[in-house]
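Numbering (UniProt numbering), first residue to last: 1 to 564.
Given below as structure tokens:
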């Protein structure tokens, strides 16, 4: 917890400084252990250490970071602090762009290009002096404890509440989880990524997600978490994914809906939206997600790939774009058909259903309890904990047939993760469905205002997607995940989770049908009873003279054609 307040200061907090502990798992900080915290200005703790990296004074350095900024002047020391995940976690939980505390001046915006170069002024002193930056507030230890526990659970939970992570991280589930996974998998160290630049990039990506009901940064975090568990559960490393490929997979999940306007591609095309015009009506959303990400990385303060070789950068870019473009639902059936062919899988039969394969998975998996997590050794800096393989995982790790099949399989993994909420615990899943429905309704409102035909399920005056999901499971979700679990048995737990919710929706649909049948039967009975009562009443209420006149008139009408 010492370092929790260190990198948090990059994204902002109160006026305490943080130590860099000697050993924090794989990414321990350089140099000797830090001394115990001492009381610092503003009620926070001022902790010192003796950095040993080249270019940093051997004298004890006091490090504090401003609210909403990254302190660039003492970059080496900052990077050392950033090497501890706990510090970065706290950093990522703070709002960007807040003003420094009284008497201090903000350095640079963590959002980089959105707010400047990221390099700013100092509070005073020369290069050799201690750099002390004031911040407004700290994150309370109990809150950090909950965040750390939720992140530890994210490693191997087939059902996970990303809404809860977003709540306790103050809306920063995506940046916190992203940094955590990149840190824990050793990718930051292996590719020599500057933690400060990575933190800045992640926050810029996070803020690039509009506050849509569904396609928001929390959804991206949810997809990332599901993807991580799938990748580990199915044993995709090392043959399907080397380290560079794993990083590409993570970033593809992080950015797969970046800048999403909350509108469908069909709407953008119908309204000649600038995105549709720019990309010639071809996957405007997916093209935009990828382009906006790589545009951010062209800014030096957010270029986390600068230490990669040219060949690595090219491979990374290609893999990310191949993955993101595959999330276009217009390609869904084609991709799945190719995947089934490559893995020699029979077409999915919804009448047979996925139950047999799903039920052979392990016992129903749910989110682990706090005690389960602690007993398993889950923690932020314990490298090697987490999913090593899912139930049904064969003894030998799967190997790709060729590069084309490898790419295709990874695309299917991301597509399955993109639909991951369909397998979450029922209450969490229903919240996602309601969010999607509201986003659809908002587009339907726009279509109505513009005089366009309202898309199916987008009319808020009619039944929306929250009423039933059976059709979507039958034709999209279950065929996809069933094929994935057939080719990669380690993915069976996800299928089991999907089937649980599918069974719920089928029960809802059956209950609705039964209720409708009862209502229809009651209506028929009521109408029949009313008709039976109406006949005798009409006889009683008709006067004899009127009845005779009616009979005479009827006889004349019948006889007339005969006479003609």
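Ideal Cβ placement from N, Cα and C applies to all residues, glycine included.
- request: Spatial neighbours of residue 188 within its chain, please: CB distance less than 6 Å, with the 5 preceding and 5 following residues excluded, ordered by chain position.
  value: In chain order, 182 place their CB closer than 6 Å to the CB of residue 188, counting only its own chain and leaving out the 5 sequence neighbours on each side.
At least 3 beta-carbon pairs within less than 8 Å: the region 326 to 346 vs the region 406 to 421: Because the criterion of three Cβ pairs below 8 Å is met, the region 326 to 346 and the region 406 to 421 touch.
- prompt: Which residues in the same chain have their Cβ closer than 7 Å to the Cβ of residue 318, if we skip the five residues on either side of it in sequence?
  reply: Once the five neighbours on either side are set aside, residue 318 has no close Cβ partner at all.
task: Using beta-carbon positions only, say whether residue 485 and residue 477 come within less than 8 Å of one another.
output: Not a contact, by the Cβ cut-off of 8 Å.
task: Locate the alpha helix (DSSP H) running through residue 225, then write down its first and last residues.
output: Where residue 225 is concerned, the enclosing alpha helix (DSSP H) starts and stops at 217 to 233.
Alpha helix (DSSP H) segment containing residue 288, residue limits: 284 to 297 is the span of the alpha helix (DSSP H), which, as asked, contains residue 288.
- prompt: Between residue 456 and residue 502, what straight-line distance do the alpha-carbon atoms span, to the nearest angstrom?
  reply: Rounded to the nearest whole angstrom, the C-alpha separation of residue 456 and residue 502 is 21 Å.
As assigned by DSSP and simplified to three states, the class of residue 454: The three-state secondary structure of residue 454, taken from DSSP, is coil.
query: With 16 other CB atoms within 10 Å as the buried threshold, where does residue 514 fall?
result: Result: exposed.
- prompt: Candidates 324, 423, 267, 526: which alpha carbon is nearest residue 445's?
  reply: Cα-wise, what sits closest to residue 445 is 267.
- prompt: Going by beta carbon distance, what residues of the same chain come within less than 7 Å of residue 146, once the five residues before and after it are set aside?
  reply: Excluding sequence positions up to five before and after residue 146, its CB lies within less than 7 Å of the CB of 168, all in the same chain and listed in chain order.
- request: Have a look at residue 304 and residue 243 and give me their C-alpha separation to the nearest angstrom.
  value: Roughly 15 Å separates the two Cα atoms.
task: Could you check if residue 533 is buried or exposed, using at least 16 other CB atoms within 10 Å of its CB as the buried criterion?
output: So residue 533 ends up on the exposed side.
message: Buried or exposed for residue 197, going by 16 or more other Cβ atoms inside 10 Å?
response: Buried: at least 16 other Cβ atoms inside 10 Å.
message: Can you give me the C-alpha to C-alpha distance between residue 519 and residue 512, rounded to a whole angstrom?
response: Going by the C-alpha atoms only, they are around 10 Å apart.
message: Assuming contact is defined by CB atoms lying nearer than 8 Å, are residue 253 and residue 223 in contact in what I supplied?
response: Closer than 8 Å, so yes.
task: Grab the span of the alpha helix (DSSP H) containing residue 315 for me, first residue to last.
output: That run of the alpha helix (DSSP H) goes 310 to 325.
query: Is there contact here, the region 230 to 237 with the region 436 to 455, by at least three beta-carbon pairs under 8 Å?
result: No: fewer than three Cβ pairs fall under 8 Å.
- request: Tell me whether the beta-carbon of residue 482 lies closer than 8 Å to the beta-carbon of residue 495.
  value: Yes, the Cβ-Cβ distance between residue 482 and residue 495 is below 8 Å.
field: Nearest-angstrom Cβ-Cβ length linking residue 151 and residue 177, presumed shorter than 8 Å
entry: Contact between residue 151 and residue 177 holds, with the beta-carbon distance rounding to 7 Å and staying under 8 Å.
query: Around the C-beta of residue 426, are 16 or more other C-beta atoms found within 10 angstroms, so that it is buried, or is it exposed?
result: Exposed.
field: Minimum C-alpha distance to residue 479 - residue among 397, 149, 340
entry: Ranking the options by Cα distance to residue 479, first place goes to 340.
Beta-carbon gap between residue 291 and residue 265 smaller than 8 Å: No.
- prompt: Run through DSSP, which three-state label would residue 400 get?
  reply: In this structure, residue 400 counts as coil in the three-state DSSP scheme.
message: Could you compute how far the alpha carbon of residue 203 sits from the alpha carbon of residue 250?
response: Residue 203 and residue 250: Cα-Cα distance of roughly 15 Å.
- request: Within its chain, find whatever has a CB closer than 7 Å to the CB of residue 397; leave out the 5 residues flanking it on each side and keep chain order.
  value: Shown here for residue 397: same chain residues with a beta carbon closer than 7 Å to its own, the five before and five after excluded, namely 235, 239 in chain order.
query: So, using beta-carbon positions, are residue 255 and residue 219 closer together than 8 Å?
result: Against a cut-off of 8 Å, the Cβ pair of residue 219 and residue 255 comes out as no contact.
- request: Just list the alpha helix (DSSP H) runs in the region 152 to 214, keeping only unbroken ones of 4 residues or longer that don't cross its boundaries, in chain order.
  value: Entirely contained in the region 152 to 214, the alpha helix (DSSP H) runs reaching 4 residues are, in chain order, 162 to 168, 173 to 184, 187 to 190, 195 to 207.
task: Could you check which residue in 308, 464, 461 has the C-alpha nearest to that of residue 194?
output: Ranking the options by Cα distance to residue 194, first place goes to 308.
message: By the three-class DSSP mapping on this structure, what secondary structure does residue 425 have?
response: Residue 425 falls in the coil class under three-state DSSP.
message: Quick check on the burial criterion: 16 or more other C-beta atoms within 10 angstroms. Buried or exposed for residue 175?
response: It is buried - the Cβ of residue 175 has at least 16 other Cβ atoms within 10 Å.
message: Going by beta-carbon coordinates alone, are residue 205 and residue 172 separated by less than 8 Å?
response: Contact: no.
query: Is the distance from the Cβ of residue 440 to the Cβ of residue 471 below 8 Å?
result: No; because the gap between Cβ atoms is not below 8 Å, this pair is not in contact.
task: Quick one: grab the DSSP three-state call for residue 490.
output: Helix.
query: Quick one: is residue 225 buried, meaning 16 or more other Cβ sit within 10 Å of its Cβ, or exposed?
result: When all chains shown are included, residue 225 counts as buried.
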